[in-house]
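Undergrad:
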Amino acid sequence: MKTVDVRWLGISVRVLLVLSVALVMSAGWAAAQDATLYELTENMKLTRGKIVQRVATSALVGFAKVGTPLCPSAAATAAKGTCWINAVGSNRVSGTTGLGIFDGDFTVVVQGDNPVDGPELVVMKGRFSGQMDFAPALLHNLPYGTVEGDFVVGHSGRKIPFAGVFRLPVLGSFPVAVGVDTVSGVPVTRTLRQLFCPLTPSPNPNLGGPDIAYVDTTDGAPNGKCIDVLPTEFGLGWPTVRFDITF
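Just remember that the working numbering sits 1267 ahead of the position in the sequence shown, which is counted from 1.
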């Protein structure tokens, strides 16, 4: 996964058309997530050949709600509200289609022998894998993608199906040229928030300046709203890619 920056943002009329169609097709608010992970590190490379592949490995940390498959009641007693998830995953995505696969390992932890630092007592572990659609980001310059897959718990082999949306942080105030005024000939610009989030036009009030946000989605498509990035969603000063999961 990657963070959207000025080098990546070649937004054009095609992007506006894709976004407008997506807004028409999606209605209502996004479903509440059951677990959320944040990408803390990423190592990425592009393979050579007839079809360029984007290959990446990431370390993620996040949490699952009590009562969900990754935080059952037995673990919830120790979790005191949430179970934390540590994961390392890899993905391989076609640069032509934006489609690919992912897999990795996960561990569910709760607070152990040090209440001051992060949770560390292992209560569940296993693997995950599935299909990835990175086409919105790679092909259409829309800062999100979707996945479908399964968690497989330990030696039991129990499968937990899930769907997810990963959201790339964007600078909402960044100006993008969208055309030229037919009368004056002056370039017309819009900010990323105006383009991606017309239903939530106010800048992010949480960061004391930068308007950094995630694009919200409904049923895997933009819904015209943004999710303002919180201070807790930064890692060592960088806004993190956010991965929302539903079971």
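Just so it is clear, CB atoms sit at the ideal spot from N, CA and C, and this is done for glycine as well.
On the DSSP letters alone, give me the boundaries of the alpha helix (DSSP H) that residue 1462 sits inside.
TA: Note, residue 1462: alpha helix (DSSP H), 1459-1463.
Undergrad: Tell me whether residue 1360 is buried or exposed, calling it buried when 16 or more other Cβ atoms sit within 10 Å of its Cβ.
TA: Flag for residue 1360 reads buried.
Undergrad: Spatial neighbours of residue 1499 within its chain, please: CB distance less than 8 Å, with the 5 preceding and 5 following residues excluded, ordered by chain position.
TA: Nothing meets the Cβ criterion.
Undergrad: Residue 1372 to residue 1481, Cα distance in whole Å?
TA: Near 26 Å, if we compare the C-alpha coordinates of residue 1481 and residue 1372.
Undergrad: I'd like the list of long-range same chain contacts for residue 1467, defined as Cβ closer than 6 Å, with 5 residues on each side in sequence excluded.
TA: Cβ neighbours of residue 1467 beyond the five flanking positions: 1492 and 1493.
Undergrad: Taking buried to mean at least 16 other C-beta atoms within 10 Å of its own C-beta, is residue 1478 buried or exposed?
TA: Buried is the call here.
Undergrad: Cα-Cα, which of 1355, 1303 and 1362 is closest to residue 1317?
TA: Selected option, being the one with the closest Cα: 1362.
Undergrad: I need the straight-line Cα distance from residue 1302 to residue 1457, nearest angstrom please.
TA: The alpha-carbon atoms of residue 1302 and residue 1457 are separated by roughly 33 Å.
Undergrad: Helix, strand or coil: how does DSSP classify residue 1500 here?
TA: Three-state result, residue 1500: helix.
Undergrad: Below 8 Å, can you find three or more Cβ-Cβ pairs linking the stretch 1503-1512 to the stretch 1420-1439?
TA: Touching, yes.
Undergrad: Is residue 1451 helix, strand or coil when you go by DSSP?
TA: DSSP places residue 1451 in coil when its eight states are reduced to three.
Undergrad: In whole angstroms, what is the alpha-carbon distance linking residue 1356 and residue 1300?
TA: C-alpha separation (whole angstroms): 20 Å.
Undergrad: Can you tell me which of the three DSSP states residue 1354 falls into?
TA: In the structure shown, residue 1354 sits in a strand (DSSP, three-state: E or B).
Undergrad: Alpha carbon to alpha carbon, how far is residue 1305 from residue 1446?
TA: Taking the straight line joining both Cα atoms gives about 35 Å.
Undergrad: Closest to residue 1406 by C-alpha separation, out of 1339, 1365 and 1388, would be which residue?
TA: Closest by alpha carbon: 1365.
Undergrad: In the DSSP assignment, find the unbroken beta strand (DSSP E) run with residue 1304 in it and report its ends.
TA: Residues 1302-1313.
Undergrad: Compute the Euclidean distance between the alpha carbons of residue 1411 and residue 1435, then round it to the nearest angstrom.
TA: When rounded, the distance between both Cα atoms is 6 Å.
Undergrad: Spatial neighbours of residue 1352 within its chain, please: CB distance less than 8 Å, with the 5 preceding and 5 following residues excluded, ordered by chain position.
TA: Here the set comprises 1302, 1304, 1327, 1328, 1329, 1330, 1331, 1337, 1373, 1374, 1375 and 1376.
Undergrad: Could you give the first and the last residue of the continuous beta strand (DSSP E) run that contains residue 1405?
TA: Taken as a continuous stretch (DSSP letters only), residue 1405 belongs to no beta strand (DSSP E), being part of the alpha helix (DSSP H) at 1402-1407.
Undergrad: Going residue by residue through the stretch 1348-1399, where are the continuous beta strand (DSSP E) segments of at least 3 residues, counting only ones entirely within it?
TA: Correct list: 1349-1361 and 1366-1377.
Undergrad: Could you give the distance in angstroms between the alpha-carbon of residue 1311 and the alpha-carbon of residue 1451?
TA: One C-alpha to the other measures close to 44 Å.
Undergrad: When the Cα of residue 1508 is compared with those of 1339, 1404, 1320 and 1397, which residue comes out closest?
TA: Minimum Cα distance to residue 1508 is reached at 1404.
Undergrad: Identify whether residue 1469 lies in helix, strand or coil by the three-state DSSP scheme.
TA: In this structure, residue 1469 counts as coil in the three-state DSSP scheme.
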